[in-house]
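For reference, the structure discussed in these notes is given below.
Residue numbers (my numbering), protein chains in the order written: chain R, 112 to 629; chain L, 112 to 629.
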């Protein structure tokens, strides 16, 4: 067993069970050690919520990215009418006119003053909290509850629970926004047990801000996009006009988005800079239900194609009363990550957003967002089905799914990537570093690399090289040895079974053609 | 001629010659009209320096991106020793620890107070300007000149030219940074004719700033990267350790970068958000000269592969005395854009940066950036050859090169893309929209789209459809007509020659295999 593998794999001598926390720790460690994901700015002590993709990580991510682009833009599925649906690609700028984010509701809704509870870690909008104040006793605490119809009842229960000597009618309700910060020390937050845990209120906006031009003032303020979707909505008429988009059709884009998360966590799951893969499908309001069901079905097929097991995946539909007012249906695609186990974390949201976004942009820009149907002569604002997936999270799910503990092999584990996502498809390993072996190996590498991501690995003993390929999830290893020189055959080692067989050099292309499908 | 083409193409009735300015305007107009590039946030009046790539633009850009990635990472060239060189991919975060930009010199150097001249539009560092002041006459202007050894001579010449009644010895030189803003009204800027044109000094930094976390203060400040290169340098040891990078080897990445350009201009040439393709090649100092020449040669081959003509391209080497202190050689790859004509604009810089960047990060981070050579037992900080190309600019060069005026065809022009960069490789056009034609066309489309970007275009008369394909630069059109139903042949129309021939449906795959090479 290699040194690194010993640190990594559970062994027979371990007595404590291998927990999901252990697994997550091992995945993070493998990702750094083998060049999938590094902490960003690591030499400077890192930066909270940012990660860099290393040589293998970028290939894995590109593979997932390209599979989505193929499934959406290049070869979109056959629609309910038997014809292939039309989806057009887009790549809009990260920074847009700030009005975009006013129309979308990202600025405004999130910009209200907020306060954090240091005890419960919960965050409250200051104007959504009522504080029951009293001066009946100088040391009596003030009790905060969420504002609402039932707040008096909630207050009374809390008062009793906290064992106060005062009665409820000795208290007066005041909005938190009316209370001086100097008095915050007396307040017990809604989910706290002690007073003085609420932080000073501050405006908080999940969008990251920047400023453009030479002078940083209110006019120069701009935002890094919080989602790729708005770039699609604002280009709806441009795409219809330039590429004769005919409803129903979709617009798809992949790109970076930024959110000023308060508490980034769980490796690359909740981060401040991430990649999204979003598609907005524009359709007639009468057909929206049909298309929603269609896209839920299609997305299921796609996620399965990455190799995520049914056991770790679920589609969760929200009940109607939990939806935001403009949303008619919402299905989350969820994955059971080691850190969420036995619960799930979100990979994608498939939302029926009605025509809310286009109407908002029509209102804020004054530009018509209507579509004119040349067949029916109908003029209307299309409804939208939005499958919005996280590329960064998709990569994390694929990494977690692939990580397979196997104490029987030197590496102690292997990455069980499906060939279509594996960053390296095959390794070419000359048994010795001198003589004919590397010459034959290099020739094979030069032939295969035109079509496949292959790794030519010449140094170290063969066991260590197999172990490394197991750790990076390479489906096949071809070993060139003395017999290759004599009869032109190589050893193929299969990653999952570790079984070995010999095939002719001339058969390798055909072997990979079949072996790398799926 | 279609309506849009009439507006676009020069016709026989035009008397004024078709200028480079006309050509650039036509390219910008075509890009919007056909879905290559839209002004960002157009419905909100745009945003200066930002552009969105439409359905065809994103495919064109992806093609250039993938060609670079293939030439660098997947199939890097054969090195001077006859072996393929090793280059590893990377995708680092846009936002890094702000110390990265202190080490790189992006923060500090650019953050000095600057002043703009409203007349000449020039910008000056305040501490680089000397002002010759006088109080000999209350209405006498003060004369600013760039600080330097020859500033007295320059001042005297300007004094004479401005026709002052005072003599040179009635003036006293003072640094602009010592002059109160209230007195700026008296100063004639270095390239201005009148006083009072200099703006109040302000700190100006080409890096866009943002802030992270809930409180926006000095500790929360971060920057959007101004180049992708630094993400590579800070990961040097991570990549060496995780992927056994052995010098000489390269690290390559493609990604967005941001610069707060004062004056964005020339379409997508000088913008505030753009994409770079940068590779840092780490080598032994003794081999740096050889590798520099090697990469200049390789980059020439690559740019030619995009279809840029020799006539519009030049490689410009800077003389040693124009280089920054740490740089030993610098070759710019330049393209003659319509807006720069007869001059050139920069596409790529190939720089021999010595070990400056790694040393800077070693100094600022306290982390060793040394490489240990296991063969020679030598420990050293590698030198770097950096071919740093602009992806956004590459796309613009390809667009400009392809734009070909041709009054003989209905579209008045066509896009002469090389097949490898063309966003659509072939169009499939059923002659009529009903009956057998669209059925055969759809079947052909479904077969071809698995391998090629193909367009199935059913509506409109065939002439208009050919015109559209000419405008988007599709190399081949396959038309399905009655004869196709009878004998299984289609018409192939060649974009550049407009020549037509008939081939069998069964031959199309083989036809494209050959026709799309190069």
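Note that the Cβ used here is the ideal one computed from N, Cα and C, for glycine as well.
Through-space distance from residue j to residue i, alpha-carbon basis
i	j	result
residue 473 of chain R	residue 133 of chain L	33 Å
residue 535 of chain L	residue 381 of chain L	27 Å
residue 567 of chain L	residue 482 of chain R	22 Å
residue 403 of chain R	residue 423 of chain R	23 Å
residue 249 of chain R	residue 238 of chain R	26 Å
residue 612 of chain R	residue 605 of chain R	9 Å
residue 562 of chain L	residue 347 of chain R	28 Å
residue 621 of chain L	residue 558 of chain L	13 Å
residue 625 of chain L	residue 398 of chain R	43 Å
residue 219 of chain R	residue 619 of chain L	56 Å
residue 484 of chain L	residue 445 of chain L	37 Å
residue 290 of chain L	residue 302 of chain L	19 Å
residue 140 of chain R	residue 209 of chain R	40 Å
residue 413 of chain R	residue 441 of chain R	18 Å
residue 321 of chain R	residue 369 of chain L	11 Å
residue 372 of chain L	residue 384 of chain L	9 Å
residue 288 of chain R	residue 227 of chain R	14 Å
residue 186 of chain L	residue 425 of chain L	25 Å
residue 443 of chain R	residue 359 of chain R	23 Å
residue 123 of chain L	residue 517 of chain L	With a pLDDT of only 48 at residue 123 of chain L, under 50, the local geometry of the prediction cannot be trusted, and the value read off the model is given with reservation. Taking the straight line from one Cα to the other gives about 11 Å.
residue 394 of chain L	residue 480 of chain R	56 Å
residue 194 of chain L	residue 351 of chain L	20 Å
DSSP state of residue i mapped onto helix, strand, coil
i	result
residue 373 of chain L	coil
residue 626 of chain L	helix
residue 611 of chain R	strand
residue 252 of chain R	coil
residue 190 of chain R	coil
residue 586 of chain L	coil
residue 422 of chain R	helix
residue 243 of chain R	strand
residue 398 of chain L	helix
residue 350 of chain L	helix
residue 217 of chain L	helix
residue 534 of chain L	coil
residue 355 of chain L	coil
Which listed residue (the options) has its alpha carbon closest to that of residue i
i	options	result
residue 570 of chain R	R/589, R/541, R/555 and R/564	R/541
residue 342 of chain R	R/140, R/206 and R/425	R/206
residue 292 of chain R	R/312, R/330 and R/277	R/312
residue 543 of chain L	L/318, L/294, L/590 and L/435	L/590
residue 638 of chain R	R/436, R/434 and R/507	Not covered by the structure: residue 638 of chain R. The range shown for chain R is 112 to 629.
residue 309 of chain L	L/271, L/374, L/234 and L/421	L/234
residue 216 of chain R	R/269, R/334 and R/425	R/334
residue 435 of chain L	L/587, L/467 and L/453	L/467
residue 158 of chain L	L/575, L/198 and L/375	L/375
residue 490 of chain R	R/513, R/556, R/340 and R/357	R/357
residue 202 of chain L	L/174, L/363 and L/603	L/363
Cβ-based neighbour list, residue i, same chain, cut-off 7 Å, excluding 5 preceding and 5 following
i	result
residue 112 of chain R	Its pLDDT being 36, under 50, residue 112 of chain R is placed unreliably in this model, and the value from its coordinates should be taken loosely. Excluding residues within five positions, the ones whose Cβ falls inside 7 Å are 521 and 523.
residue 583 of chain R	145, 167, 526, 534 and 535
residue 504 of chain L	380 and 458
residue 332 of chain R	209, 320 and 322
residue 547 of chain R	596
Residues of its chain near residue i, where Cβ-Cβ distance is below 6 Å and the 5 sequence neighbours each way are ignored
i	result
residue 128 of chain L	none
residue 500 of chain R	388 and 459
residue 256 of chain R	241, 262, 265, 266 and 301
8 Å contact criterion, which residue i and residue j should meet: CB distance rounded
i	j	result
residue 338 of chain R	residue 361 of chain R	About 16 Å; that fails the 8 Å criterion.
residue 462 of chain L	residue 497 of chain L	5 Å
residue 163 of chain L	residue 151 of chain L	5 Å
residue 530 of chain R	residue 627 of chain R	4 Å
residue 502 of chain L	residue 298 of chain L	With a Cβ gap of about 42 Å, residue 502 of chain L and residue 298 of chain L do not count as contacting.
Closer than 6 Å: residue i CB and nearest the ligand ZN heavy atom
i	result
residue 458 of chain L	Summarising the ligand content, the structure contains no ligands, and the ligand ZN is consequently not present.
Cβ of residue i within 7 Å of any chain C Cβ
i	result
residue 381 of chain R	No chain C appears in this structure, whose protein chains are R and L.
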